[in-house]
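Q: If you're matching them up, the sequences are chains G and X in order. Take any residue in the first sequence, note its place counting from 1, add 3, and you have its number in my numbering. Take any residue in the second sequence, note its place counting from 1, add 3, and you have its number in my numbering. Quick reminder that beta carbons are idealized off the backbone N, C-alpha and C, glycines included.
Number of protein chains: 2
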Amino acid sequence: MTILHSASEVLRCFSDERPELTLTDIVALRGAPKSSTSRLLNAMRDAGFLDVSKVGRKYRPAPLLTHLAHINKVDVSLLARADAAVRELVEETGHTGYVSALDHKDVIALAGHEGRHILRVATAVGRRLHASASATGRALLSRMEDRTIHSLYEKGMEVPSDKAPRSVAELIERLNLVRQKGYSEAYDETNHGVGALATVVVDPVKNLALSLCIAFPAATITQQDKDHIIARMIGVTAKLARHFNDQGQPITDTTRTRKSPTGEQQP
Amino acid sequence: MTILHSASEVLRCFSDERPELTLTDIVALRGAPKSSTSRLLNAMRDAGFLDVSKVGRKYRPAPLLTHLAHINKVDVSLLARADAAVRELVEETGHTGYVSALDHKDVIALAGHEGRHILRVATAVGRRLHASASATGRALLSRMEDRTIHSLYEKGMEVPSDKAPRSVAELIERLNLVRQKGYSEAYDETNHGVGALATVVVDPVKNLALSLCIAFPAATITQQDKDHIIARMIGVTAKLARHFNDQGQPITDTTRTRKSPTGEQQP
DNA sequence: CCGTTTGTTCCATAAAATGGAACTGAAGTT
DNA sequence: AACTTCAGTTCCATTTTATGGAACAAACGG
């Protein structure tokens with residue numbers, strides 16, 4: 004494994020709940036030896052990935068990463084269009100909307116718009132959720148082949164809530180439902196009292212999959228509201244798909260491209 | 004040099020103007036051998052730092068980085084307060100305002116608010132500017148010791164505009180002015196027609212320096228407007244400084260902390 | 001002042017990065 | 001089709017860097 008993997012592992016240790024971490028924290032979270040971790044963190048700081056606080060030697064992500072997040076936004080025209088579509092849906096329904104992308108087994112919100120109802124779901128661009136346990140995550144996963152899903156979760160799957168899928172088999176069952184219906188849904192999975200509906204669109208040229216998601220208070224929504232949201236979401240998503248010539252191809256595996264794969268069988 | 008330095012060098016190649024890069028682009032920009040760069044880019048993709056487009060093999064920053072940018076925002080309470088202060092100034096003056104931090108020889112905008120005048124400076128959170136050639140950059144640099152400035156620019160200084168400092172000596176001269184007056188200014192340096200005023204505040208605990216900046220169309224501003232903005236900026240900055248117990252200490256060098264330095268002389 | 005906690009450095013070993021050259025594959029060109 | 005270019009990858013011997021256990025150093029808390 005290259006040191007880059009370790010670095011990315013370290014970066015993934017940070018979250019809203021743990022925005023600052025000490026050497027000891029990271030050792031505990033990753034289980035790697037203290038000496039190696041110490042050197043790694045210092046190297047990451049020297050390279051501009053982390054900043055360190057003076058007292059307590061607490062590490063946090065450096066501004067460089069804000070810069071790169073910005074580039075990501077500037078670049079991707081699918082994101083711009085998906086964002087516009089979500090904004091439209093938010094204005095129409097009053098519920099909060101997101102655009103998200105996959106990062107390994109997680110989804111990360113890239114853009115969001117807050118609804119206007121008094122009781123509404125907050126936006127949190129940059130937030131990370133378990134892909135298997137969210138509407139938006141399952142929408143994205145539904146565009147991967149089953150064997151890719153299997154290899155993604157071969158080291159186990161976290162089950163953050165009662166209603167989340169408990170096993171890969173259960174996940175794939177639910178992904179099949181998503182594939183069939185064209186949208187995905189989740190209630191009370193990652194967030195208590197929150198319901199969500201999500202669709203997915205792929206830019207085959209950039210090899211980028213994005214999910215559109217509308218989130219609402221699960222208790223106050225009627226079946227009629229839901230049906231309306233679903234119809235509109237499927238509509239705008241189909242429009243995006245046409246524009247980017249998304250014809251339902253599965254997302255290409257993120258791992259090595261050319262290297263002859265171990266046990267792959269392609270006609 | 005560790006591979007992390009190379010990785011961070013690669014990430015710094017991306018900009019608003021070049022949001023996607025191919026292997027060849029990066030080879031041209033960095034001058035490193037093609038074979039090494041090829042392996043490096045693939046490793047960075049495998050680690051989740053980069054995504055690759057299917058056609059043209061173009062690399063772009065991955066969503067992981069959006070996540071980290073978000074953490075950075077959640078965490079830092081100085082940022083939250085500085086952002087609130089800038090918002091106040093923006094509302095009062097109608098001009099665009101930023102909060103920025105240093106990343107090596109660049110400044111990166113971490114938060115921004117757009118003004119309400121018809122002719123106004125656009126916000127661009129995540130944007131990267133040359134520190135030496137911007138008001139906000141020089142405000143931040145003014146809190147470093149001169150020898151740190153020298154070592155920062157020992158490999159040369161880019162001069163993006165006529166009005167920007169041409170040498171380290173000239174830069175330090177202007178930093179002395181900033182230190183004396185308590186604010187920094189720039190006209191027509193990085194952006195044509197744009198003037199900017201900036202102050203700086205340091206959280207000594209987190210070892211974080213942030214700059215507050217107000218940017219305006221240089222042609223339409225009066226001396227009176229400017230004086231008013233400066234007075235208000237210095238006011239809110241002083242308030243922040245008191246809150247964080249910033250007593251004008253120089254920013255600690257970003258490089259190794261404990262390792263006995265080569266030629267350092269401290270009484 | 002001494003135990004405790006937290007982070008760094010040492011060092012021999014193991015692993016990974018390097019860069020020149022050869023190779024592959026995909027476009028163009030004649 | 002054969003030829004040329006160009007972009008990207010892989011090979012391989014060499015150099016460089018990472019690793020982890022243990023010793024060391026510094027800060028903390030009585």
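(1) Quick one, which residues of the segment 100 to 126 of chain G are near chain X if we go by CB-CB under 7 Å, in chain order?
(2) Looking at chain G, is there any beta carbon in it that lies within less than 7 Å of the beta carbon of X:I74?
(3) For a contact meaning CB atoms closer than 8 Å, what does X:L7 contact in chain G?
(4) CB of G:S137 to nearest heavy atom of the ligand FAD: below 6 Å?
(5) Short of 9 Å Cβ to Cβ, which residues in the segment 199 to 214 of chain X face chain G?
(6) Can you list, in chain order, the stretches of the beta strand (DSSP E) that have 3 or more residues and sit fully within the segment 94 to 124 of chain G?
(7) Does DSSP put G:A234 in a helix, a strand or coil?
(8) If we require 3 or more residues per run, which beta strand (DSSP E) segments fall completely within the segment 178 to 227 of chain G?
(9) What do you reckon, are the CB atoms on X:A212 and X:L143 nearer than 7 Å?
(10) Counting along the chain, where does the beta strand (DSSP E) carrying G:L132 start and finish?
(11) Between the C-alpha atoms of X:L174 and X:R245, what's the straight-line distance to the nearest angstrom?
(12) Can you give me the start and stop residues for the alpha helix (DSSP H) that X:V30 sits inside?
(13) Could you round the C-beta distance between G:S187 and G:M160 to whole angstroms and report it? I think they count as a contact, below 8 Å.
(14) Assuming X:A85 contacts X:L243 (C-beta within less than 8 Å), just tell me the rounded distance between them.
(15) Thinking C-alpha only, which one of G:E157, G:G118 and G:Y101 is nearest G:L132?
(16) Considering only their Cβ atoms, is the gap separating G:L53 from G:A65 smaller than 7 Å?
(17) Just checking: is the beta-carbon of G:P163 within a distance shorter than 7 Å of some beta-carbon in chain X?
(18) If we count the other Cβ atoms within 10 Å of its Cβ and call it buried at 16 or more, is X:A172 buried or exposed?
(19) Here's the rule I'm using: 16 or more other beta-carbon atoms within 10 Å means buried, otherwise exposed. How should G:A72 be labelled?
(20) Return no unless some Cβ of chain X is closer than 7 Å to the Cβ of G:R131.
(21) DSSP three-state call for G:R15: helix, strand or coil?
(22) What's the gap between the Cα of G:D19 and the Cα of G:R130?
(23) Whose C-beta lies closer than 6 Å to the C-beta of G:A167 among residues of the same chain, with five residues either side of it excluded?
(24) Contact check, G:L14 vs X:L67 under 8 Å by CB: the rounded distance?
(25) For X:R48 and X:Q227, what's the separation of their Cα atoms in angstroms?
(26) State the DSSP-derived secondary structure class of X:R60, mapped to helix, strand or coil.
(27) Hey, could you find the ends of the beta strand (DSSP E) G:D54 is sitting in?
(28) For G:A199 and G:Q252, I'd like the C-alpha separation in whole angstroms.
(29) G:P36 to G:T151, Cα distance in whole Å?
(30) How would you list, in chain order, the residues of chain G whose beta-carbon sits under 8 Å from the beta-carbon of X:L67?
(31) Below 8 Å on C-beta distance, what does G:S18 contact in chain X?
(32) Which residue wins for smallest C-alpha separation from X:G238, given the options X:V162, X:V110, X:L155 and X:V89?
(33) Under a CB-based cut-off of 7 Å, is X:P253 close to chain G?
(34) Strictly under 7 Å for the Cβ-Cβ distance: is G:G168 near chain X by that measure?
(35) Over what stretch of residues does the alpha helix (DSSP H) that includes X:M47 continue unbroken?
(36) Would X:A189 and X:A138 qualify as a contact pair, given that the criterion is a beta-carbon distance under 7 Å?
A: In this structure, then:
(1) Taken in chain order, the members of the segment 100 to 126 of chain G whose beta-carbon sits within less than 7 Å of a beta-carbon on chain X are A104, D106, H107, I111 and L113.
(2) Yes, contact with chain G.
(3) By Cβ distance, chain G contributes I6, L7, A10, A46, M47, D49, A50 and F52.
(4) No copy of the ligand FAD occurs in the structure displayed, which carries no ligand at all.
(5) Within the segment 199 to 214 of chain X, the qualifying residues are D206, P207, V208, K209, N210 and L211.
(6) For the beta strand (DSSP E) assignment, the uninterrupted runs of no fewer than 3 residues enclosed by the segment 94 to 124 of chain G are, from N- to C-terminal side, 99 to 106 and 109 to 116.
(7) Secondary structure of G:A234 (DSSP, three-state): helix.
(8) Listed in chain order, the beta strand (DSSP E) runs fully inside the segment 178 to 227 of chain G are 187 to 190, 197 to 206 and 211 to 220, counting runs of at least 3 residues.
(9) Yes, the pair counts as a contact, with Cβ atoms nearer than the cut-off.
(10) Residues R131 to H133.
(11) Roughly 28 Å between the two C-alpha positions.
(12) Here the alpha helix (DSSP H) through X:V30 covers L26 to R33.
(13) 17 Å between Cβ atoms; not a contact.
(14) Confirmed, about 6 Å.
(15) Ranking the options by Cα distance to G:L132, first place goes to G:Y101.
(16) Contact: yes.
(17) Closer than 7 Å: no.
(18) X:A172 is exposed by the Cβ-count criterion.
(19) The residue is buried, with at least 16 neighbouring Cβ atoms inside 10 Å.
(20) Interface residue, yes.
(21) Looking at G:R15 - three-state DSSP - the assignment turns out to be helix.
(22) C-alpha of G:D19 to C-alpha of G:R130: approximately 8 Å in a straight line.
(23) So the qualifying residues of the chain are A136 and E192.
(24) That pair is a contact at about 7 Å.
(25) Each residue's Cα considered, the two are about 52 Å apart.
(26) Coil at X:R60, not helix or strand.
(27) Residues L53 to V55.
(28) For G:A199 and G:Q252, the distance between alpha carbons rounds to 24 Å.
(29) Approximately 31 Å, taken between the alpha carbons.
(30) Going along chain G in sequence order, the residues near X:L67 (Cβ under 8 Å) are S11, L14, R15, D106 and I111.
(31) Here the neighbours are I74.
(32) Considering only X:V162, X:V110, X:L155 and X:V89, the residue with the shortest C-alpha distance to X:G238 is X:V89.
(33) No, X:P253 does not count as interfacial toward chain G.
(34) For the record, residue 168 of chain G in the displayed sequence is Pro; it is not Gly. Using a Cβ-Cβ cut-off of 7 Å, G:P168 does not count as an interface residue toward chain X, since no Cβ of chain X sits closer than that to its own.
(35) Boundaries of the alpha helix (DSSP H) harbouring X:M47: K37 to D49, taken from the DSSP string.
(36) In contact: X:A189 and X:A138 (Cβ atoms closer than 7 Å).
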